[in-house]
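Before any comments, here is the structure.
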Amino acid sequence: MKLNLLLTLYLTFVTTFSLIAQNIVAGTITDEDGVFLPGASITVLDSNVGTISDFDGKFSIQANTGDTLIVSYVGYTNQEIVVSENSNFQITLRSNLLDEVVVTALGISREKKSLGYSVSEISGDNVNTIKDNNLANSLTGKVAGLQISTAGSLGSGSRITIRGNNSLGGNSQALIVVDGMPINSSLPLGNDGGQRESGANDSGGSPSFEPSIGGGGIADINPDDVESISVLKGPAASALYGSRAGNGVILITTKKGSGSDRLGVTLKTNVYADSPMFLPVFQNQYGQGMLGAPNLDRSAGTWASTSWGGLLNGSQQPYYDGTTKAYSAQPNNVKDFFTSGIRSITSLSVDKASQAGSIRFSYTNNSSGAIVDKSKLNSHNFNLRAVANLSEKLTVDTKATYFTQIVNQRASTTGAQGYIGNLYKMPRNVGIDDLRDYQMENPGTPSEFAVISYGNQIGNPFWQSQHDENSVRRNRFLGYAKINYEFTDWLNAFARVGADVTNIRDNAIYKPGHHFQTTGSMSLQESQFVELNSEFLVTANHQFTDKLNVIANVGGNLSKRSSEGMLLFGSDFKIPTKFFLANLNLLAAPVESPMAIKKVNSVYGAVNLAYDDFLYLDGSIRNDYSSTLSEDNRSYMYNSLSLSAILNRFIDPEQKFFNLVKVRASLAEVGNDTDPYQLVQTYNVPGQGYLGLTTLRNSPVKLNSNLKPETVTSTEFGIELSMLQNKITLDVTVYDMETKDLIFDVPVPAATGFLFNRENIGLVSNKGLEIALGATLIDKANLSWNTSLFYSSNENKVEKLIDGLESFVYNTTTDGNLQVKATEGGSIGDLYGRVFTGETDAGGLPLGSAGPTELLGNAQPDFLAGWSNTIKYKDLSLSFLIDARVGGQVYSQTSADLDRAGVSERSLQYRDGIVVNGTNTGTGAANTVKISGEEYWTAMSEISGNYVYDQDNIRLRELSIGYSIPKVSSIGLNSANIQLVGRNLFFFSKSADDIDPEAMLGTSIGVQGMSHFAMPTLRSLGLNLTMNF
Amino acid sequence: MKNRILILYGSLFLATVLSCTDDFDEINIQPDALSADDISAKFFATNIQQKLLRPTMVPLWFGDVIHPDQFSGQTANGYSGHSLGLDDHAWNGDLGWVYNSFYTDLGSWDWLAGYNSDLTSYLNNVGEGGTLEDEMYFALGLIMKGYYYQLFTETFGMIPYTEASDPDIKLPKYDDQLTVYKGIIADLDQAIEIIGNNTEAGSGFGVLRENDVIFKGNMQNWKQAANSLKLRIALRAHGGAGEDFSTTAVSEAISSGVLADTDALFEGYADEKDIWGGSSSYGDVWHNFSNSQWKTTEALINILKTSADPRLTLMAKPAVGGTIKITKPTAGDGVALIADHVAFVKSTLDDSGLVLDTDYTWVETAADLTITMPENTNYVGLPSRLSPKIKGYMHAKMFSDPADIITQKTNEGKPLFPTILMTSADSHFMIAEAIVKGLATGDANTYYQLGLEKAMAIWNTAPTTEFLESTMGSLTGTMEEKLEKIATQRWLANYTNGYEGWAIVRDTGYPASAVITSDNNDIISFAGEMNGKQAQRLRYGTSVYSSNNTNVNAAISAQGPDNMTTKLWFAK
């Protein structure tokens, strides 16, 4: 109702002002993709009258009916237009290909050729044709230098890094900016990476037993609203966004109303069916039991849950539920747990544009089921964008997005206590349907409420996925109002106020009888994040001589970010059948996080000099004032400088071979501040004292009032070539980035009274190479084939930590067998584990190295590559994306656990016993003691070096086959498109057994390179139907 | 004109942006935290006691329950239907006996090494020049420091000590045990001297009363505790290579006055809610996770039974009993071991003093074994360190659980057994030991008897005639026999304090049945690096290899390999 009212208001607003420009011809200039072209020149033929378009591609000019307007823009074909009465032109310039325009920092559209740094842009079609629930995942393989790692399941976040990890303990993930507004990517309070032991705080997912990986910011953006995405890769490109942009920026531009005066209606429906892309390979010869024999008696309490029993020969044997049953293999028991997840995404958009402005409204409904029953995601996204041209000089641009989402039964899937583990480790003779009876019918006593599973204190996957409850509700409002005023044809200014308000409510209930929390427990968490930005930008664009053009920008921004939250946790339900707080016997002291505010004020300026369409020089300067730093340090400045030169006219003036030869170089620096309350030492009152007494303790971290911002500096060189009538394009970039003064909790001697000192230390470098190669292989009227190839490699090195600290442990697996570390001379995410020492104990068991002391690899891949293709034949089109990740290692704790449980196909080896080749430490001589397969695999599974795999994999990531349906005037259908799409179809090759090497335990830095019972990677097959009326 | 106004407004806006940092300091002050002005020393006193004596689930579970409690020979996890559960593979008969960095790091090393920062910040606050300077509080801190370092060094051996209190030394060297013990004694002497005849600590709002959970602020009791600790360390160091202080320290401690009538016990907080972040009890480990239970050991039960000790029924519960059917394996590796395993079950029952056909019945067929015993009647201890191979035979119902007061969970309002820091019983036993060793004069048996009375009093009982008539009832026999009795009684008096119990066994070799070794992997496991030897120490935390590599390696080359079988300086 409210929304309707708002819509009506907007429409009224727009119509009221639609009749102003009587004697003035006005219009909007866009490129073929609908991106507005600023600075295009409009002149009246045979006169001195001329103007240029403003930042939103708009212009107005005095002209008489019958006059001819010439619209020109560098890199685009000129267009002539005859002025008619009441003219309001929507002018689309056709690019002559080399002069691509991209959206850069602060939303400024720039000719790509004028940039001295690397920016990649992809269109909305690239991310909304084959939809993933998280927009971030749709970027995989499409941009050189961008790495996406997934974690968790439906509604979960992803880790987004550009050009490697820059920060040791801080955030290394890219900033997400939507229509110029940075959006908050914070996870619920307390879910700050879960790295309690190490002090690291890179956002995203806990490495504990049950990682709950929040959705993050980008997951809330509706792919259908995306017009284009620019990836600003290095500090040079992103310096104007300030502190948070040191890790690069994903700049999302959403759609505005476009097209003609006519009301455009687009209806899109996507239906996908998801299924597991692959599952681990299980053995089907041996059943539940131990020591090579079936289990004997459940009531004895010595029931083994592993598949180290006897041969599955169909004999009658005791079954976990107390009955006796045929001891036979159930080859599909894991597969049959999963159902087909149907995802259905429907969006409707209405748009209209006129001289008076434009409006676009869209609504998207996402109703998605997962491959596990009861796990569902439902979201509604309302988006309203209205641009009103209030006068020839004054434009108001407003946007309001409301997003509401509920995800049920997402958590508790992964990690040691997740249900995937309990499912995979299920004995090979257990029928999955039997496990559907996970609790006694009509339980009476507390013990009768206990979970029924195939082993003691082992969760039942049905109980965990369907009986326990978990829901996360997200509500998000994003909006802004922007006023643009064009003082003169060369001076333009805008001011904008925007807000991003996110509310997250997270409920989790373990029901009484749960295998781990026997009396049941419940947690309820509420977090709110608000980010307000007020900004202005003044732009002057002046053509000094016919060769020298100068654009100068001066701007300022006030950013206020706040977070607050509350956590309630309790256990022991009074009445075991209802689940709410008041029904808990024990309610732990509530945890309140009062509103924490961070303010950053900034002023910035940029100058772009263009000389003779061949030499471009950009300089930017920004000064931030951060409330999180002390008075002496809070003001910090950083600069960027870049240069590009178009050399074709010297090399190949006739364009016989080269259509574009461009070289570029840039130097930039970005500062990175910290969180609130990091300066002054305080004491915390524990929620509950001891014996009713108030107790106090020091914080383990000694704060530092002299904390400085981290500094990322980057040097980048690039070359761009376009050849053979622009049929082949090549863009090569090399960069060298260094981060110094890393804000880090340095472990200190306990004698200081602290465990860590927060200091600025160290130096981390990232060096890399990015290549983008594009080719038009076929370009016929009826048949075309475009292909592009992306390659990026990055080498990360921890150059220096601090004297006396050679390495830092991010995280240790729960079994202590593997550590993720940063070591001086190594790189962030080095994996250390145990290897077989070549010795056995007296009993013949293989011995592993004492602790996780051996370097086994690194979590970061050596290179990433993507190959995308679009082939069009008449109305048919075929697109596919193949991408590869090469190098980098991952520890598959999944595989170790499957071997230990005796369910993996690998564990069929040595069932008859093995004499381990090595020195027996009992005798000192060669080992002669024979051990059983059970003993062998139990011991080997503790030696993590056996389970570190290369992340190498090549997969058919995306495939779509489309057909454009011709116009059907009778029903008002302008155009329509039907597509058959698929995602994660198959692997061409993969090194790791059992796991998808890109599915990590979480999105925080400390769990990269670790995979433990991740939800199966989904293979999606779907149908898209798009209709434009 | 209009443009100029706009430009003017624009400039004003710009100026505002630049100058508007007035509230920056204010918003960066955390509203829910206290500054140095809000605090008093007494609040910290509770913290340093609680953190060491009633820690969270992690040190209690991964530390005490898994390691020292089992190594002391008083409790046993393992295959009796009781496997604690992070993951079903983790908690088994080998657990604790096979090195696991996760449990050792989190449960013992991180906790103990990390405690230094709490303690040091306390000592810095109340010490000379500190924000909360107070001599008595400082003395209390020194005594806690002595107790802490005793625990720390007796668990790991060489540890950072002399340099660990110097904030300027980032990478402290590791000191040998002799140096640590000497340092503790020096600290205790300083504390004893500071306390003198004072009875109270602090003044006004800061007077220490109930915030001292151990002695309610009675500084004379703290002085006695210091003397008891000094005596304990002197006796433990006695006879160690290169030590020259124990004789003096023993006589000083005894003459200055040990804890003769008061026990240094730390109350459990029955209403504790935050067992992971605050503090916890054994019962929280026992009850909060299904099957996360342990048993009393064969060693403990049989020692109590042999001397008709009245504490038997107070420390342990009778076995559940009833009809217990054990099915013999018909396939797999277990078939060959049936005879050995059945024999072991039989000997376990017989060794515990049960009489066949009186206390239990035994029916064995080719397929199975049925044992019947009256319900909740027999006391039978579980053998330690059971091999996974015998898992199917050691039925939970045959063995005794610890008493309810030990396994009482928090938050049910019921009393919890306190944490034992130091007892008057131990003081008397130690004086008896000193006399037997010729380090003090007097009648050893008198002190032994006093010790027995005090030790039983903790369990609200007294020595019975039957007990006093047993061999354990009086300090008779050869010197070695006397030392064995004293050690055994000290070990019993420290029941639930696994760290001290384990130290007594390693120091004296008694009780012999608590020295857990194995030479038959089919019954008692010798998996892992220990190869069946006794657990002598825990390995250092893995973090030290990255944070202080040079010094830890120096310690290893002096002390021996960083494994669990390397004997410590004081050990027999």
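Protein sequences, first through last, are from chains A and B.
Number 377 in our numbering belongs to position 377 of the first sequence; there are no gaps in the numbering.
Number 10243 in our numbering belongs to position 243 of the second sequence; there are no gaps in the numbering.
Glycine included, each C-beta is placed from N, C-alpha and C at the ideal position.
Fair warning: this is a prediction, and the values are worked out from it, not measured in the lab.
Just mark A:Gly555 as buried or exposed, buried being the case when its beta carbon has 16 or more other beta carbons within 10 Å.
-> buried
DSSP-derived helix/strand/coil call for B:Ile10275 | coil
Distance between beta carbons of A:Pro700 and A:Lys598, contact taken as under 8 Å = Incorrect: roughly 23 Å between the Cβ atoms, too far for contact.
Inter-residue Cα distance where the pair is B:Gly10127 and A:Leu696 | 17 Å
Have a look at B:Tyr10447 and B:His10428 and give me their C-alpha separation to the nearest angstrom.
-> 5 Å
Check whether the region 427-441 of chain A touches the region 372-390 of chain A, taking contact to mean three or more Cβ pairs, one atom from each stretch, closer than 8 Å.
-> no
Distance cut-off 8 Å: B:Ile10185 Cβ against heavy atoms of the ligand SAM | As far as ligands go, the structure on display features none, and thus does not contain the ligand SAM.
Going by beta carbon distance, what residues of the same chain come within less than 7 Å of B:Val10258, once the five residues before and after it are set aside?
-> Gln10224, Asn10227, Ser10228, Leu10231 and Ser10427
Thinking just about the alpha-carbon of each residue, which of B:Ala10319, B:Ser10525 and B:Met10456 is nearest to the one in B:Ile10301?
-> B:Ala10319
Interface residues of chain B around A:Pro676 at Cβ under 8 Å?
-> Ile10027, Asn10028 and Gln10030
Nearest-angstrom beta carbon gap, A:Ser328 and A:Gly341 [assumed within contact, 8 Å] | Not quite, the Cβ-Cβ distance comes to about 30 Å (not below 8 Å), so this is no contact.
With 16 other Cβ atoms within 10 Å as the buried cut-off, status of A:Arg163 | buried
Nearest to A:Ala588 (by Cα), restricted to the options B:Asp10022, B:Asn10100 and B:Asp10271 = B:Asp10271
The alpha helix (DSSP H) spanning B:Gln10489 covers which residue range?
-> Met10479 to Ala10493
For B:Arg10506, which of helix, strand or coil comes out of DSSP?
-> helix
Burial state of B:Thr10136, where buried means 16 or more other Cβ atoms lie within 10 Å | It is Met, not Thr, that sits at residue 10136 of chain B in the sequence shown. Answer is buried; the Cβ neighbour count reaches 16.
Could you pull the start and end residues of the alpha helix (DSSP H) that B:Ile10303 belongs to?
-> Glu10298 to Thr10306
Chain-ordered residues of the region 689-713 of chain A with a beta carbon less than 9 Å from chain B | Gly689, Tyr690, Leu691, Gly692, Leu693, Thr694, Thr695, Leu696, Arg697, Asn698, Ser699 and Pro700
Anyone know if the C-beta pair for A:Lys547 and A:Tyr485 falls short of 9 Å?
-> no
Is the shortest distance between the beta-carbon of A:Ile81 and the beta-carbons of chain B less than 9 Å?
-> no
Straight-line Cα distance separating A:Ala665 from A:Gly718 = 6 Å
Is the region 45-52 of chain A in contact with the region 232-245 of chain A, if contact means three or more CB pairs nearer than 8 Å?
-> no
Apart from the five residues just before and just after B:Arg10537, which ones in its own chain have a Cβ nearer than 7 Å to its Cβ?
-> Thr10155, Phe10156, Gly10157, Met10564, Thr10566 and Leu10568
Let me know if A:Pro207 comes out buried or exposed under the rule of 16 or more other beta-carbons within 10 Å of its beta-carbon.
-> Low local confidence applies: a pLDDT of 40 at A:Pro207 is under 50, so the model's placement there is unreliable, with the coordinate-based value given in what follows. Result: buried.
Rounded C-alpha distance that separates B:Arg10209 from A:Leu805 = 43 Å
Limits of the unbroken beta strand (DSSP E) element including A:Ser123 = Val119 to Ser123
Taking B:Val10180 as part of the alpha helix (DSSP H), name the residues at either end of that continuous run.
-> Gln10177 to Ile10195
A:Asn533 CB to nearest chain B CB: under 9 Å?
-> no
Please confirm if A:Phe1029 has its CB atom under 9 Å from at least one CB of chain B.
-> no
Alpha carbon to alpha carbon, how far is A:Asn295 from A:Ser1011?
-> 31 Å
Report the three-state DSSP secondary structure of A:Tyr873 (helix, strand or coil).
-> strand
Determine, using beta-carbon pairs with one atom in the region 10551-10562 of chain B and one in the region 10104-10122 of chain B, whether at least three such pairs fall under 8 Å.
-> no
Straight-line gap, B:Ser10074 to B:Leu10060 (C-alpha atoms, nearest Å) | Per the sequence shown, the amino acid found at residue 10074 of chain B is Gln instead of Ser. Straight-line Cα distance between these residues: approximately 15 Å.
Distance, A:Arg110 Cα to A:Arg885 Cα = 32 Å
If we call anything under 9 Å between Cβ atoms a contact, is B:Gly10438 one with B:Leu10452?
-> no
What residue range is occupied by the uninterrupted alpha helix (DSSP H) comprising B:Glu10466?
-> Thr10465 to Glu10469
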